[in-house]
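A.B. asks: One structure, as structure tokens, below. Some questions next.
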Amino acid sequence: METLEYYYALASPWSFIGNSKLIEIAAAHNLTIDPIIIDYDKCSELPKHFPFPPTPYPEKKVSID
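Quick note: the sequence shown uses my numbering, first residue 38, plus one each step.
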């Protein structure tokens, strides 16, 4: 039997909403679910230079009158 790794956050409503559908899909494909909780406390301990892409500047609207 193959395993499906399921990453989820306890505080996320999407984890709760999709849980029954995930169980249904796993049963249909003969999969076991390995639930892996995302720990937000560990995420907040990441260094301040965590590589997020830069936020783009808003485009200026140029009007030609």
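Glycine included, C-beta positions come from ideal geometry on N, C-alpha and C.
Owing to the predicted nature of the structure, the values given are computational and were not obtained by experimental measurement.
1. CA-CA distance, tyrosine 77 and leucine 41?
2. My assumption, with CB atoms under 8 Å, is that tyrosine 43 sits in contact with isoleucine 75. Please give the rounded CB distance.
3. What did DSSP end up calling glutamate 96 once you bin it into helix, strand or coil?
4. Helix, strand or coil: which one does DSSP assign to aspartate 76?
5. If you reduce the DSSP assignment to three classes, tell me which class isoleucine 70 lands in.
C.D. replies: Let's see:
1. The residue you call residue 77 lines up with position 40 of the sequence shown. The residue you call residue 41 lines up with position 4 of the sequence shown. Using only the alpha carbons, I get a separation of about 22 Å.
2. Start at 1 with the first residue of the sequence shown, and residue 43 comes out as number 6. Start at 1 with the first residue of the sequence shown, and residue 75 comes out as number 38. Rounded, the Cβ-Cβ distance is 11 Å, inconsistent with contact.
3. Numbered from its first residue, the sequence shown carries residue 96 at position 59. Of the three classes helix, strand and coil, the one that applies to glutamate 96 here is coil, per DSSP.
4. Looking up residue 76 in the sequence shown gives position 39. Looking at aspartate 76 - three-state DSSP - the assignment turns out to be coil, as it is neither helix nor strand.
5. Residue 70 sits at position 33 when you count from the first residue of the sequence shown. If DSSP states are grouped into helix, strand and coil, isoleucine 70 belongs with the strands.
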